[in-house]
Every structure is written in C-alpha cells, then in structure tokens.
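S.K.: Structure in structure tokens, see below.
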C-alpha cells in the first residue's frame, strides 16, 4: 500500500503541472490511478524550469567529474540543459559556443546540504528570523520553504562561489525542526520557482545541547519544559515515533479497508513520511556517542538517518558510520564554540572518507557557503599531512556527488556524466587554491554567473538602490 | 610603561626573551621580511632576535643551520583582533571572560586579568603560524568593552607582552543598543566619557561623579582620552566611519583604529587623509545588517589603493578561529590584493598599529618570531613546518593533534582507545 501512496504523490504532481500548462515538465508516465489519492502530498510543487541555453563547449580544461576521476585537456559539452558530451577533442558543431578553458578547471556545481539562506537571510534583522519554529520541541509540521525569503542576497554570493543547489534546513532548536527544502540556486520571485524538481522532502532533527537549552532553560524559566536533558531528548524522539507509527497504521488500515478517512495531522504526516521511506532524515548531531544512540533508535523504529550534520566527532565512529552507510555533513575546522564541538579536529573529513563512509563538506553559514571548495582543500591538505592519501578528484565527491546523494538528487545532478543536469562550474584556476574563483556557473546549461560580465551577476530586490548595488561582491 | 617583556630593539639586544632561545641560521629561504619578498635569503637569529638578514654572506660558526631549500619563511603571523585565551568554550559562560554583562565597570575591565595561557586555543592558534595576537574584549554592559592586550602564543606564563595595549569601544549598531538605544545616545555617551576621562583625577578628587563614568572607569579611559593609548572602535557604516574621522579631526591627539570598516572603501580617501588605520575581514561581503549594505570583498583592495593602513583579521568566531586570518588574507589576494600587501596586513601592519617594536618583521633587530612553511603561506593547503617565537622553537602539537592521533586507528581489540596517547 505504501507503494500506491507514493505513486499517488507522483501523479498528483504531474496532474497539477498539466493543469497549469505544464511548463515543459515530463508527464508521459501519467497513468490513470485506480485509487483516489487521500490528499495532495506535494501541494507547493516546484515551478522551476531551466532557463534557455545554447550549446557550450568547455575546451581543454582540467575536469573533475565529481565521482573520483580527473581528466586533463578535456572537453565538456553542455547542450539542451544537460551534459551532452565529454572527451578529448570533441567536435564543436555549428552554433556551439566554444570557451577556451585551457589552464582552467571544470567541476560539477557545488551542492551545500546545510544552508539557512532565505530562512536566516541578510540583513539579519528581527523580522527575518524565520528558521526556527521554537514554539515547541516537536515541530515536524513546519516546512522550511514557507520561511524562505527568495530575495536573500546570500543566494547571489553562494552562486559566485560555485554553488548550484542547496538544502535549506530549519534550525536546530527543536528535536524535530521541520521539513527541509532543496533548491536550485536560480533566483526567482517565488520559492516554488527555486525548488529542485522532484527532490524528495527531508526532515531536520537535532541532538544534544540545542533542544535542551532552548526548552529546558528556555524563555528565562528554569526549569522550562521538556526536554531538559539528553535523556529527555531521546524520550521526546521516541514518543513521537510511537505516535507516528500509530498514525501510519491508521492510514494503512484505511487504505486497506476504507471507512472514514482518518483526520490529518501535519506533524505526523511528516514523521510517517520518514517511516514510509519517502522523507530523508538529516540530523544535527555533534557527539559520537549520541550518533550511536540515534542509530539504535532509528533501527528501533525502522527508519534510516541519511546524514548526520556538523558531526564534529564522526572521526571517532567512522567505522560505524561506514557500516551503517550514513553520511556526515561536516565543516573543515569549526570547533569549540560549544561543549559538543570541543573535540573538533581538522582531519575529521579525511578520516571519515578513509573509513569508507560518506563525507560531505557543508557550510551552515552564509560566508562558508561561498568557499566550500577551500574548506575541502583544507581538509584534504590536513588529511595528507596526517598520512591520509586522498586524491583531489576523490575530494570533489565531498562537494557534489555525496551531498547530491544525501538529498536524493544524484540521479539528476552532482557529477559530470552524460545526460545529467548541466550544473557546471568553470574555475579560473585550481579550485583547491585560495586564489581561484568561479569564473562561470551554469545551471541546467544556462549561464547564471559570469565573473567577467556584470550583467551576469544577479542583484536581489533588497540590494537595488542601496549602497554597493551591482558591485563586485 | 607596561611592557612585561623587554621589547627589544637591535641596539639594545641582550635581555633575551628566554633562556632556551636557539641561535640559528636559515639559508635559501623565500623570505618575506615584513616589507618585501627576497629569494635565496639568509636569516640569523641569536638570543631571540634577528641579527642578520637577507644577504649575509658569511654565517657565524657554531649555529644550527637550516637549509630552507626555497621554502617560504615569514615573520610570525600577528593577528590584530582575537579573543583567544579569554574564553575556552563559547557557549559555556563559566569559561567565558570576554564580557561581563552584570559588571558595573566597563572601560576598567582588563582582559589580561582573564587571560589563560594554558588555554587549548593558544596551541591550536599557534599551530597555524600565529605567534602574536591582540586580544580584545566583547561588549558587556556598556559601550566600553574594556582593555585589550598583546600576547605571544607560547602558552607560557608571562606571555602577555603588553597589558592594556588598547581600549575597545563599539560605536556600531551593538554600541547604540547598549548606550540606550540609538547612535545619538552612543555618541553622547562617548563624548561625555572622553570628557570624564580627561578630567580624571581632578574632578573626582573633589568628590564629584563623572557624567557617565565612575572613577575607576574614568581612570581606565584617561590614557586613551589623552592620546597615550590606542582606541579600537568597532564601526561598519560609512556615516559612522566619517563621524569617527570627524572626532579625530576635532581631537587630533586621539589614536584610533577602526575595527570592521565594512563600508570603509566608501570613505577610503578620508580615512587615508586622517591617517586612521583599519582592521578588516577581507571576506566580509554580505549586507548582514543595515550598517554594512556596501560590504564587498573589494574593500581590502580599495582601501589599500587609497593608501589606508589596513590590517586583516578573521571575525567569525574570533576566539577559536582567529587562526583563519591566513585564509582571510589569501582570499583578499583572490579579490585583487597584492600578495605582499596581504602578507604585510597580517604581520608588520598589525605590529605597527599596536606599536610593538620588532614584531611582524624579520630584519636586523626584529624579534625572532618566524614560521617556515610547506608552501605559499596564504594558500589554505599550506601549513607551518617549524615555528619560532623569540627564537624558541615551538611544538607543533595541540589537543586537536592528540585527538587525531588517538583516532587515526580505531582498533580497540587489545584495550580501549582511552589508553592510547
């Protein structure tokens, strides 16, 4: 029955698009569903469509394909919004814009799977604090996309840093913070216009200090409400999963047997979506021992953690994370700003990689998102100094392929492979050098940023008519 | 004066910084001496100071000689802004001495009273090549954060080389909030405080109170008010910066350095004319507040082009991550700043701003702070291979490297990892 439910979701999306004129979306798989969908699982669908693009041949570049290979003097052809060709001495047909990329580097676009752009935008004024629904420890019912301000100037800075897709997450105050949303980094008047088509939903959860600080000690009251301790955190998650299981069973029974449709509960919709395997769990968790507890809990209730975020102690349980096939979304070197970050080391990322676990470089920062390539470079170099040999090409998996996998979009983007979305960055030098900049950024084959052409630097509404409008940032 | 250590000038070189200072000669270095880069350079350190540099042909005998084989050698990095050593864990108030929201004192809060040379942050910072640091307060209950100091990163007792090296004042949005809710309130408070401090002690001896400062704070601010101490003022917006320039014009004796200066490029000529230096984070390029709508990574290059004395720092988590000053400088180069200017902005320029003779340079008479690098110092992939402070070689270890070494191999078949160190 779960499969039928998921089918209904896909159908609903397709139907909506068709009704609206489609926008070029593929609807050929539409079939008549036997079962009427219970409710629309995608009521705020993506309206993103790629911008027009001509064919572009990036010629004689050093190419990291993002899945561990490097090619010298290599060509990459972008056509029809996709990667259309890769190889040496590709023929440039008529109407193909040829770009001499000799001495330059081509990579998949960077994907940041932990950003708060839009929900904690610039300027950081009180009216813009839309990233945490702190009203209760369990707010699985809220969706980050409903708090995203698409005029955040941070999107443009991230674009200049080579970021082509990102996950916007709710904050980490809550045990269950709400749903995340995956965006293409193409500015739009609406959030729906940025949503990555067909990306699965995600759920933000949080371990440790934040929930117990915000609720146990929150609002100037002591003690505040639960959770007040790490024990309370885990009890809070488990209680919610028990409720979610009961909710899921109620719907399953209704689908089998009919009768009165159960009353919907937004919070439990999301949690049941996790138990169904439709929604991917991204969990803020610093300490190794807490991650191990959460892994047991996920097995107790039959779901999977897709990625632990921040994960500053992943190096202590890299073997376990490899065995359980759970990613770690990490900084290169943040540490010490709170107790659960005190054991941060510079070799966390390479140690996780070396253990065979999935390593991701993430930002959680409107500054950090602009230089994720440098963060990877630091981790790579620090790892090598500790005797951990990782190639530059392998390190790029931390920036594109692994985050894409963690967001369920690797079938569409995250590597340079024929047929994938042409989300591509041309760097004016080695992207692991501090001095290199993203020279051109293509999203679905369309040129969205060009360092040399001011017309190809987007300016948000907020920055129009303000000091520095249109300046090189 | 306040020097705990003799800050050594060449002509008076004798009181060595440490009994363990090594005498050594380095050859074949790509040497940045604080001003320029010299190839195939030589450097001789004796008793903790540089006694010969650049092209000394004949080396004194009996020295440890290092063949740098072309490697980069720089003065120890001097971060002009940090909170390193006065907070251990950011979110744990019990370990945080950077501010005191409940204190009745402001300008009198002396950060050297809170400095812990044994803090794990010191080694972590030093490991990246930082040998000297200006340590500044955070804002507490008043516009006046208190007294900052200059220290080395040896982690030894007595590693503060100048207590009360500067006084810290916030005239940005944060200061306005604390002073009563507006910029006018902040400026009224600041001007009144300067008046109180100038009137110290006479006014207070007659039993009068100050307009805004109590006796202790007035005393603490008096040197700055008379021009005998550097005032570090945090400000971002162009109009705030121009107002500080006006203050300096009206009070030429004041020694001012502006911290932040995100819109400094919009007042660059005026800053240069007023001879007011700035400390910026070159990466600061977002309109994070209405005070810095003009923020851009071009700030550094534009300030330097206008002739403004410009030092670089890393602002985001300036306690634990002050070490990222090198990445900030590298990014400035990526945004058009000359490589040598970027190196100066993290060595000799900060030393000059704080008036620390001999720091930030490697010329005859300089302090023996130097770093030998495994690559271009401003590349994020590079790291120090040897670090000397006052001629004393420093260990390349930290609590972080110990954690790393413990967990490099997760094998617990014999005993728990807790036994491994």
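Residue numbers (the working numbering), protein chains in the order written: chain V, 4 to 476; chain F, 1040 to 1460.
Glycine included, C-beta positions come from ideal geometry on N, C-alpha and C.
A quick note: this is a predicted structure, and the numbers were derived from the prediction, not measured.
1) Can you name the residues of chain V whose CB is closer than 8 Å to the CB of residue 1317/F?
2) Just the Cα atoms here: how many angstroms apart are residue 141/V and residue 215/V?
3) 8 Å is my cut-off, CB to CB: does residue 156/V come that close to chain F?
4) Taking C-beta pairs closer than 9 Å, name the residues in chain F that residue 440/V reaches, listed in chain order.
5) Could you give the DSSP three-state label for residue 420/V: helix, strand or coil?
6) Which whole runs of the beta strand (DSSP E) in the stretch 210-294 of chain V are 3 residues long or more, in chain order?
7) List the residues of chain V that residue 1355/F touches, going by C-beta distances under 9 Å, in chain order.
8) Would you say residue 132/V reaches chain F, if we count a Cβ-Cβ gap shorter than 8 Å as a contact?
9) With a threshold of 16 other CB atoms inside 10 Å of the CB of residue 429/V, please say whether the residue is buried or exposed.
10) By DSSP, does residue 477/V sit in helix, in strand, or in coil?
11) Using a Cβ distance threshold of 8 Å, determine whether the stretch 1385-1395 of chain F contacts the stretch 1109-1129 of chain F, with at least three qualifying pairs required.
12) Rounded to whole angstroms, how far is the Cβ of residue 1070/F from the Cβ of residue 1112/F, which I believe are closer than 8 Å?
13) Does DSSP put residue 195/V in a helix, a strand or coil?
14) Expressed to the nearest angstrom, what Euclidean distance is found between the alpha-carbon atoms of residue 97/V and residue 89/V?
15) Using the DSSP secondary-structure output, state which residues sit across from residue 61/V in a beta bridge.
16) Measuring only between beta-carbons, confirm whether residue 1089/F sits less than 8 Å from chain V.
17) With a threshold of 16 other CB atoms inside 10 Å of the CB of residue 400/V, please say whether the residue is buried or exposed.
18) I'd like the span of the alpha helix (DSSP H) that includes residue 159/V, first residue to last.
19) Closest by CA to residue 1212/F, which one among 1365/F, 1316/F and 1272/F?
20) Can you find a CB in chain A that lies within less than 8 Å of the CB of residue 360/V?
21) I'd like the list of long-range same chain contacts for residue 1079/F, defined as Cβ closer than 7 Å, with 5 residues on each side in sequence excluded.
22) Does DSSP put residue 400/V in a helix, a strand or coil?
23) Give the straight-line distance between the Cα atoms of residue 40/V and residue 284/V, rounded to the nearest whole angstrom.
24) Could you list which residues in chain F have their beta carbon closer than 7 Å to that of residue 3/V, in chain order?
25) Judging by CA-CA distance, which residue of 1281/F, 1417/F, 1239/F and 1245/F is the nearest neighbour of residue 1263/F?
26) Can you list the residues of chain V that residue 1422/F reaches, using a CB-CB cut of under 9 Å?
27) Is there a C-beta anywhere in chain V that falls below 8 Å from the one on residue 1066/F?
28) Opposite residue 152/V in the DSSP bridges: which residues?
29) By the 10 Å Cβ neighbour count, where 16 or more other Cβ atoms means buried, how is residue 197/V classified, buried or exposed?
30) Using only the alpha-carbon positions, how far apart do residue 294/V and residue 288/V sit?
31) How long is the line joining the alpha carbons of residue 1242/F and residue 1233/F, rounded to whole angstroms?
32) So residue 1104/F is in the alpha helix (DSSP H); what residue range does that whole segment cover?
33) Under 6 Å Cβ to Cβ from residue 380/V, same chain only, skipping five residues before and after it: list those, please.
34) For residue 1206/F, tell me which candidate among 1184/F, 1194/F and 1344/F has the shortest Cα-Cα distance.
35) Among 1408/F, 1144/F and 1327/F, which residue has its Cα nearest to the Cα of residue 1256/F?
36) By Cβ distance below 6 Å, which residues in the same chain neighbour residue 1140/F in space, the five residues on each side in sequence not counted?
M.R.: So, to answer that:
1) Stepping through the second chain from its first residue, residue 1317/F is reached at position 278. Those within 8 Å of residue 1317/F in chain V number zero; the least Cβ separation is about 17 Å.
2) Taking the first chain and counting its residues from 1, one reaches residue 141/V at position 138. Taking the first chain and counting its residues from 1, one reaches residue 215/V at position 212. Taking the straight line joining both Cα atoms gives about 12 Å.
3) As a first step, residue 156/V is located in the first chain; it is residue number 153 there, counting from the start. Yes, residue 156/V lies at the interface with chain F (some Cβ there is under 8 Å from its Cβ).
4) Residue 440/V sits at position 437 when you count from the first residue of the first chain. By Cβ distance, chain F contributes 1373 and 1374.
5) Translated into the one-based positions of the first chain, residue 420/V becomes position 417. DSSP places residue 420/V in coil when its eight states are reduced to three.
6) 283-288
7) Taking the first residue of the second chain as 1, we reach residue 1355/F at position 316. Neighbourhood of residue 1355/F in chain V, by CB distance below 9 Å: 368, 370 and 371, in chain order.
8) Start at 1 with the first residue of the first chain, and residue 132/V comes out as number 129. False, the Cβ-Cβ gap to chain F never drops below 8 Å.
9) For this step, residue 429/V is matched to residue 426 along the first chain. With 16 or more other Cβ atoms within 10 Å, it is buried.
10) Residue 477/V is absent from the model: chain V starts at 4 and stops at 476.
11) Judged by pairs of C-beta atoms under 8 Å, the stretch 1385-1395 of chain F touches the stretch 1109-1129 of chain F, as three or more such pairs exist.
12) Here residue 1070/F refers to the residue found at position 31 of the second chain. Here residue 1112/F refers to the residue found at position 73 of the second chain. Correct: roughly 5 Å between the Cβ atoms.
13) Against the first chain, residue 195/V aligns to sequence position 192. Residue state, collapsed to three classes: coil.
14) The residue labelled residue 97/V in the question sits at position 94 within the first chain. The residue labelled residue 89/V in the question sits at position 86 within the first chain. Their backbone Cα atoms lie some 17 Å apart in a straight line.
15) Counted from its first residue, the first chain places residue 61/V at position 58. Residue 61/V pairs with 79/V and 102/V.
16) Counting from one through the second chain, the residue named residue 1089/F turns up at place 50. Taking Cβ atoms only, chain V never reaches closer than 8 Å to residue 1089/F, which makes this a no.
17) Numbered from its first residue, the first chain carries residue 400/V at position 397. When all chains shown are included, residue 400/V counts as buried.
18) Here residue 159/V corresponds to residue number 156 of the first chain, with the count starting at 1. Run containing residue 159/V: 157-163, per the alpha helix (DSSP H) assignment.
19) On the second chain, position 173 is the one that residue 1212/F refers to. When only C-alpha atoms are compared, the closest one is 1272/F.
20) Annotation note: the requested chain A is absent from the structure, which comprises protein chains V and F.
21) For the purposes of this step, residue 1079/F is taken as residue 40 along the second chain, with counting starting at 1. Here the set comprises 1067.
22) Mapped onto the first chain, residue 400/V falls at position 397. Looking at residue 400/V - three-state DSSP - the assignment turns out to be helix.
23) In the first chain, residue 40/V corresponds to position 37, counting from 1. In the first chain, residue 284/V corresponds to position 281, counting from 1. When rounded, the distance between both Cα atoms is 25 Å.
24) It is not possible to answer for residue 3/V, since the shown part of chain V is limited to 4 through 476.
25) Counting from one through the second chain, the residue named residue 1263/F turns up at place 224. Selected option, being the one with the closest Cα: 1239/F.
26) The residue given as residue 1422/F occupies position 383 in the second chain. Residues of chain V with a Cβ closer than 9 Å to the Cβ of residue 1422/F are, in chain order, 384, 385 and 388.
27) By 1-based counting over the second chain, the position of residue 1066/F is 27. Not an interface residue.
28) As a position in the first chain, residue 152/V is number 149, starting the count at 1. Answer is none; residue 152/V lacks a bridge partner.
29) Indexing the first chain from 1 puts residue 197/V at position 194. The residue in question, residue 197/V, is buried, as its Cβ has 16 or more Cβ neighbours within 10 Å.
30) Residue mapping note: residue 294/V aligns to position 291 of the first chain, counting from 1. Residue mapping note: residue 288/V aligns to position 285 of the first chain, counting from 1. Using only the alpha carbons, I get a separation of about 6 Å.
31) For the purposes of this step, residue 1242/F is taken as residue 203 along the second chain, with counting starting at 1. For the purposes of this step, residue 1233/F is taken as residue 194 along the second chain, with counting starting at 1. Distance between the alpha carbons of residue 1242/F and residue 1233/F: 13 Å.
32) Counting from one through the second chain, the residue named residue 1104/F turns up at place 65. Here residue 1104/F belongs to no alpha helix (DSSP H); instead the beta strand (DSSP E) covers 1103-1106.
33) Here the question's residue 380/V lines up with position 377 in the first chain. Cβ neighbours of residue 380/V beyond the five flanking positions: 435.
34) Numbered from its first residue, the second chain carries residue 1206/F at position 167. When only C-alpha atoms are compared, the closest one is 1184/F.
35) Translated into positions along the second chain, residue 1256/F becomes position 217. Comparing Cα positions, the closest option is 1144/F.
36) Along the second chain, one-based indexing puts residue 1140/F at 101. Within the same chain, and ignoring the five residues on either side of residue 1140/F in sequence, the residues whose Cβ sits closer than 6 Å to its Cβ are 1179 and 1180.
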